[in-house]
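K.L.:
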Amino acid sequence: MRTFPLLLSLLFLLPGATFAQDADIVLRNGLLLTQDPKSPRATAIAIHGQRILAVGTDRSMEQHVGPGTKVIDLRQRTVVPGLIDTHAHAIRGGQTYTFETYWYDETSLAAALTKLGRDAWARPTDQWVAVVGSWHPEQFDENRAPNRADLDQAVPNHPAYVQYLYDYALVNSAGVEALGLDKPGAQLPQGITVERDANGQATGHLSGGIAPFNALFARLSQSTDRYQSLKAFFSDLNARGVTGFIDPSAGPPEAYEPLFLMRDRSELTLRAGYRIPAVINGGEAEWFRHVMAYRPPRHDDGQVAFLGLGENLVTAMNDGVLMAPGFKPSPEARSELVKVARFAAERRIPLEIHAYTDDAASAILDAFELVARDHDLRPLRWSIAHLNTGSDRTLQRMARLGLAYSVQMGPSSRPPPSTRPIRPTLRHPRRPSVPPWLSAFRWQAGPIPRASASPACGTPSSITLPASRWPVCAAKTTT
Numbered sequence: 128m129r130t131f132p133l134l135l136s137l138l139f140l141l142p143g144a145t146f147a148q149d150a151d152i153v154l155r156n157g158l159l160l161t162q163d164p165k166s167p168r169a170t171a172i173a174i175h176g177q178r179i180l181a182v183g184t185d186r187s188m189e190q191h192v193g194p195g196t197k198v199i200d201l202r203q204r205t206v207v208p209g210l211i212d213t214h215a216h217a218i219r220g221g222q223t224y225t226f227e228t229y230w231y232d233e234t235s236l237a238a239a240l241t242k243l244g245r246d247a248w249a250r251p252t253d254q255w256v257a258v259v260g261s262w263h264p265e266q267f268d269e270n271r272a273p274n275r276a277d278l279d280q281a282v283p284n285h286p287a288y289v290q291y292l293y294d295y296a297l298v299n300s301a302g303v304e305a306l307g308l309d310k311p312g313a314q315l316p317q318g319i320t321v322e323r324d325a326n327g328q329a330t331g332h333l334s335g336g337i338a339p340f341n342a343l344f345a346r347l348s349q350s351t352d353r354y355q356s357l358k359a360f361f362s363d364l365n366a367r368g369v370t371g372f373i374d375p376s377a378g379p380p381e382a383y384e385p386l387f388l389m390r391d392r393s394e395l396t397l398r399a400g401y402r403i404p405a406v407i408n409g410g411e412a413e414w415f416r417h418v419m420a421y422r423p424p425r426h427d428d429g430q431v432a433f434l435g436l437g438e439n440l441v442t443a444m445n446d447g448v449l450m451a452p453g454f455k456p457s458p459e460a461r462s463e464l465v466k467v468a469r470f471a472a473e474r475r476i477p478l479e480i481h482a483y484t485d486d487a488a489s490a491i492l493d494a495f496e497l498v499a500r501d502h503d504l505r506p507l508r509w510s511i512a513h514l515n516t517g518s519d520r521t522l523q524r525m526a527r528l529g530l531a532y533s534v535q536m537g538p539s540s541r542p543p544p545s546t547r548p549i550r551p552t553l554r555h556p557r558r559p560s561v562p563p564w565l566s567a568f569r570w571q572a573g574p575i576p577r578a579s580a581s582p583a584c585g586t587p588s589s590i591t592l593p594a595s596r597w598p599v600c601a602a603k604t605t606t
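Position in the sequence shown (first residue = 1) + 127 = the numbering used here.
Now the structure itself:
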């Protein structure tokens, strides 16, 4: 009875005795970009479960092919490592993906309007068509934004809605009628302002902010099949190499249900991480205590991961899409953030917080530094998102605390040399000569090390510049 384990041990020591594990899947006859400097290219890969067994030549993978192995001929197609988007509002944004019209790849306003009109003809006349961001007037040959007359001509019979960033939105004549803007008591989300002409008639121009415009668009897109739209969006992300994302703030509880249902039906095609935002204004610390009472600090089932708090932790500390200096949160808001941060530190909860401006980031760091007197923040995976006007001093303060920097390639990034420069606007002044993300990259040997990123689809890419203990940085492109 003792001889078998001895013989088995000796067998493993025999020269040439190899016992390759059978793979579940073998991909062969392709071009694999491994990201390994020592062996940057291969033709085949063997996979077992969620692990890569081997990467190499077609012949070397044959030892991993067993009776149950699925072998796929790539026919010289290229295989790249999956991209993970660390800051994408994919859960909420994906639920209206099939409803929206996208202009990000249009080079003329005329073509963009034609595309909007074509989408309108495919819908009943009482349904809206909408362009919700992902465009800029200066991307068009005409070098201007559409006006109401343009929308009326392109979409004469359907209500149409075109939103520029979170600065303003424009509706056509059918949209003015559908919203009742020229009637007494028009019901609009709080924070939406209707521009009127000298006769008191609505011009179709609406101003607002992040929350008001999100609330208005949620109303306009009610006819969308949100589950199927989210499936289509995830499929499109997969087609562009995205295999995972982190949504820092998807909104109210009902926004997460399509994602959870997709997971339960085994129809989820990528890994989804999410954070919980505060959905109240005031008393956020107590609200988070109730929400987290029966939750672990983080939890990952392999498909859906709960990754803590974000992106709106204290509503009055959120500077929205402000780019100019002058954001001054109240003492009460600052105190509330200290309470939230202290609770998160005590419970070891990861978090990400929004800051467009250096002023907002400075106020946030004031709160975090107070908490850091009693708690080591470095293992907690805390990060600040955007930071479009961040200073070197702010980056240095973040580094001392061990915070990460989640970058969205927006107004502070440099465009490719071949693109036409975009003129600054009142709310989006000219970007700094050295963007904060570039300053962080230059600290190659410092506490915020270099991180790599690769755009994958849709909108501006993002990078996470992690503290020295973080194992992963990431890439972005969506919504």
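Quick reminder that beta carbons are idealized off the backbone N, C-alpha and C, glycines included.
1) Does E413 come out as helix, strand or coil in the three-state DSSP assignment?
2) Is it true that the stretch 387-400 meets the stretch 431-449, where meeting means three or more beta-carbon pairs spaced less than 8 Å apart?
3) Hey, out of Q355, V467, A487, Y421, whose CA is closest to L449's CA?
4) Mapping DSSP to helix, strand and coil, what is R245?
5) So G221 is in the alpha helix (DSSP H); what residue range does that whole segment cover?
6) Can you tell me where the alpha helix (DSSP H) with G157 in it begins and where it stops?
7) Could you tell me if P385 is buried or exposed, where buried requires 16 or more neighbouring beta carbons within 10 angstroms of its beta carbon?
8) Assign T205 to one of three DSSP states: helix, strand, or coil.
9) Classify K466 as helix, strand or coil using the three-state DSSP reduction.
10) What's the gap between the Cα of W230 and the Cα of S261?
11) Pull up the distance between the alpha-carbon of Q254 and that of G312, whole angstroms please.
12) Should L125 and S566 be called a contact, given that it needs their Cβ atoms to be closer than 9 Å?
13) Exposed or buried, W248, counting other C-beta atoms within 10 Å across all chains shown (16 or more means buried)?
14) With H, G and I counted as helix, E and B as strand and the rest as coil, what does DSSP make of D268?
15) Measure the CB-CB distance between P286 and E304 and report whether it falls below 9 Å.
16) Using only the alpha-carbon positions, how far apart do A181 and D427 sit?
17) For the putative contact between F226 and Y293, defined by C-beta atoms under 8 Å, what is the C-beta separation to the nearest angstrom?
18) Check for me: the beta strand (DSSP E) holding A482 runs from which residue to which?
19) I need the boundaries of the beta strand (DSSP E) containing I174, first residue and last residue.
20) Note down the Cα distance separating N628 from D352, rounded to an integer number of angstroms.
21) Using only CA atoms, which one of P477, G378, G410, L388 lies nearest to R422?
22) Using only the alpha-carbon positions, how far apart do H332 and V256 sit?
23) Which runs of the beta strand (DSSP E), 3 residues or longer, sit entirely within the stretch 283-314?
24) Cutting at 7 Å between CB atoms, please list the residues of its own chain near L154, excluding the five before and the five after it.
25) Compare the C-beta of V259 with all C-beta atoms of chain B and state if any pair is closer than 9 Å.
26) On the DSSP bridge assignment, give the partners of F372 in chain order.
27) DSSP three-state call for Y532: helix, strand or coil?
28) Alpha carbon to alpha carbon, how far is N299 from V289?
29) Across the stretch 365-381 and the stretch 211-226, are there enough close Cβ pairs to call them in contact, namely three or more that are closer than 8 Å?
30) Between A342, A296, R323, which lies nearest to Q314 when the distance is taken from Cα to Cα?
31) Tell me which residues share the same chain as D485 and place their Cβ nearer than 6 Å to its Cβ, disregarding the 5 neighbours each side in the sequence.
32) Going by other Cβ atoms of all chains shown within 10 Å of its Cβ, with 16 needed for buried, is S533 buried or exposed?
33) Can you tell me the Cα-Cα spacing of A147 and A531, whole angstroms?
34) Just mark A580 as buried or exposed, buried being the case when its beta carbon has 16 or more other beta carbons within 10 Å.
35) So what does E227 bridge to, in DSSP terms?
P.N.:
According to the structure shown:
1) Mapped onto the sequence shown, residue 413 falls at position 286. Here E413 sits in helix by DSSP.
2) yes
3) Here residue 449 refers to the residue found at position 322 of the sequence shown. Nearest option by C-alpha distance: A487.
4) Position 118 of the sequence shown holds residue 245. In this structure, R245 counts as helix in the three-state DSSP scheme.
5) As a working mapping, residue 221 is identified with position 94 in the sequence shown. Start and end: 217-221.
6) Here residue 157 refers to the residue found at position 30 of the sequence shown. Taken as a continuous stretch (DSSP letters only), G157 belongs to no alpha helix (DSSP H), as it is neither H nor E.
7) On the sequence shown, residue 385 is found 258 positions in, with the first residue counted as 1. Buried, by the Cβ-count rule.
8) On the sequence shown, residue 205 is found 78 positions in, with the first residue counted as 1. The answer is strand: DSSP assigns T205 an E or B state.
9) One-based indexing of the sequence shown puts residue 466 at position 339. K466 falls in the helix class under three-state DSSP.
10) Position 103 of the sequence shown, counted from the start, is the residue given in the question as residue 230. Position 134 of the sequence shown, counted from the start, is the residue given in the question as residue 261. Distance between the alpha carbons of W230 and S261 is about 7 Å.
11) As a working mapping, residue 254 is identified with position 127 in the sequence shown. As a working mapping, residue 312 is identified with position 185 in the sequence shown. So the alpha carbons of these two residues sit roughly 22 Å apart.
12) What the structure shows of the chain is the stretch from 128 to 606, and residue 125 is not part of that stretch, so it cannot be assessed.
13) By one-based count along the sequence shown, residue 248 stands at place 121. Classification of W248: exposed, given that the 10 Å Cβ count is below 16.
14) If you number the sequence shown from 1, residue 268 lands on position 141. Coil.
15) Residue mapping note: residue 286 aligns to position 159 of the sequence shown, counting from 1. Residue mapping note: residue 304 aligns to position 177 of the sequence shown, counting from 1. It is a contact, given that the beta carbons lie within the stated cut-off.
16) Along the sequence shown, one-based indexing puts residue 181 at 54. Along the sequence shown, one-based indexing puts residue 427 at 300. Approximately 26 Å between the Cα atoms of the pair.
17) As a position in the sequence shown, residue 226 is number 99, starting the count at 1. As a position in the sequence shown, residue 293 is number 166, starting the count at 1. With 8 Å as the limit, F226 and Y293 do not qualify as a contact, their Cβ atoms being about 19 Å apart.
18) Position 355 of the sequence shown, counting from 1, holds the residue named residue 482. Here the beta strand (DSSP E) through A482 covers 478-482.
19) Residue 174 sits at position 47 when you count from the first residue of the sequence shown. Element bounds for I174: 171-175.
20) Since the first residue shown for the chain is 128 and the last is 606, residue 628 is missing from the structure and cannot be characterised.
21) Walking along the sequence shown from the start, residue 422 turns up at place 295. Here the closest residue by C-alpha is P477.
22) Counted from its first residue, the sequence shown places residue 332 at position 205. Counted from its first residue, the sequence shown places residue 256 at position 129. Whole-angstrom Cα-Cα distance: 16 Å.
23) 287-291, 295-298
24) Taking the first residue of the sequence shown as position 1, residue 154 is located at position 27. These residues qualify, in order along the chain: A171, I172, I199, L201, V206.
25) Judged by its chain identifiers, the structure shown contains no chain B, having just a single protein chain.
26) The residue labelled residue 372 in the question sits at position 245 within the sequence shown. Per DSSP, D212, A399.
27) Taking the first residue of the sequence shown as position 1, residue 532 is located at position 405. Three-state DSSP puts Y532 in a strand.
28) Residue mapping note: residue 299 aligns to position 172 of the sequence shown, counting from 1. Residue mapping note: residue 289 aligns to position 162 of the sequence shown, counting from 1. So the two alpha carbons sit approximately 9 Å from each other.
29) yes
30) Indexing the sequence shown from 1 puts residue 314 at position 187. Selected option, being the one with the closest Cα: A342.
31) Along the sequence shown, read from residue 1 onward, the residue named residue 485 stands at position 358. Excluding sequence neighbours, D485 sits near T516, G517, S518, T521.
32) Numbered from 1 along the sequence shown, position 406 holds the residue referred to as residue 533. So S533 counts as buried.
33) Position 20 of the sequence shown holds residue 147. Position 404 of the sequence shown holds residue 531. Rounded to the nearest angstrom, the two C-alpha atoms are 40 Å apart.
34) Position 453 of the sequence shown, counted from the first residue, corresponds to residue 580. Bear in mind that the predicted position of A580 carries a pLDDT of just 35, short of 50, making it too unreliable to give a figure here.
35) Taking the first residue of the sequence shown as position 1, residue 227 is located at position 100. DSSP output for E227 lists A257 as bridge partner(s).
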